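In our numbering, the protein residues as written are 45 to 328.
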């Protein structure tokens, strides 16, 4: 049975924070950033992970972009990350339990960092450059993926990784949802295919649809950086302990609800700041 994504009572309850918790009990998310002048997308993702309730969020970037990112960040922590060897070493800290890679990462850096990130076997969101970097040869990516991963492609990125499924979808031989299901089974992880109708599937066959039309319409999400925010929200939810499919579904609902609450004039920076209002509306 295909579910239309709603905020169920179970999801609402999972979003609440208990009075006895502390920052590490709500997870530590690591967001990887690219070089100088490319940090905006990763900062959007990091801010979103923090706003959705991750206890700590760290942005990891090359030394050359440390000063640029430090000028924009306060609550989000910052650390230099020169290479994949250093990233692997960071996994010695078991409190680091979720990652987000792709927004503004750059294709060469993505090719280096994604396999190292997946080696850590932490909850991981792969978006943007973390997907496009493997267009010519997806095999290294597919060989490294694990079931705690969420892929969040838009249609173009989906086409780069799953060209046959995208072609069948375009030709109406597959529905968008069926294409997403096949992709999740092939990748062995949760896949979220973004669009006005967002479809989500996991490799076990669970599937859901968020149809942003009618009362659920959120046309203001058609703005640069909105997808980076969604990736950060999902990573933040997984840091808090949400399973990948549930994080993808809940994050999609929150993302659209924040856009509807803010309304016309929305830019991506507004989305994380709208989340507290959404939380108040649902009684948290």
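No residue lacks a Cβ here, since even glycine has one placed at the ideal position from N, Cα and C.
Remember, predicted model here, so these are calculated numbers, not experimental data.
For this session: Evaluate contact between the region 178-193 and the region 84-94, counting only Cβ atoms and requiring at least three cross-stretch pairs below 8 Å.
Result: Because the criterion of three Cβ pairs below 8 Å is not met, the region 178-193 and the region 84-94 do not touch.
Exercise. With a CB to CB cut of under 8 Å and the five nearest residues on each side skipped, what residues in its chain are close to residue 66?
Worked result: Closer than 8 Å at Cβ, skipping near neighbours: 99.
Exercise. So, residue 233 versus residue 294, is the Cβ gap smaller than 9 Å?
Worked result: The Cβ-Cβ distance between residue 233 and residue 294 does not fall below 9 Å.
Problem set entry | Presumed contact (8 Å Cβ cut-off) between residue 84 and residue 148, rounded CB distance | With a contact defined as Cβ atoms closer than 8 Å, residue 84 and residue 148 qualify at about 6 Å.
Problem set entry | CB-CB length for residue 162 against residue 125, believed under 8 Å | Rounded, the Cβ-Cβ distance is 16 Å, inconsistent with contact.
For this session: Could you give the DSSP three-state label for residue 244: helix, strand or coil?
Result: Strand at residue 244.
For this session: Find out if the Cβ-Cβ distance for the pair residue 224, residue 275 is shorter than 9 Å.
Result: Taking 9 Å as the Cβ cut-off, residue 224 and residue 275 do not qualify as a contacting pair.
Exercise. Are the region 47-59 and the region 238-254 touching, with three or more C-beta to C-beta distances below 8 Å?
Worked result: Segment contact: the region 47-59 against the region 238-254, three or more CB-CB distances shorter than 8 Å; contact assigned.
Problem set entry | For residue 293, the first and last residue of its enclosing alpha helix (DSSP H) | Where residue 293 is concerned, the enclosing alpha helix (DSSP H) stretches over 288-306.
For this session: Take residue 72 as the anchor and find which of 120, 308 and 78 has the nearest alpha-carbon.
Result: That would be 120, whose Cα lies nearest to the Cα of residue 72.
Exercise. Out of curiosity, what's the CA-to-CA distance linking residue 133 and residue 143?
Worked result: Going by C-alpha positions, residue 133 is about 14 Å away from residue 143.
For this session: Give me whichever residues DSSP pairs with residue 254 in a beta bridge.
Result: Beta-bridge pairing links residue 254 to 242.
For this session: Determine the direct distance from the alpha carbon of residue 249 to that of residue 178, and round the result to whole angstroms.
Result: Taking the straight line from one Cα to the other gives about 25 Å.
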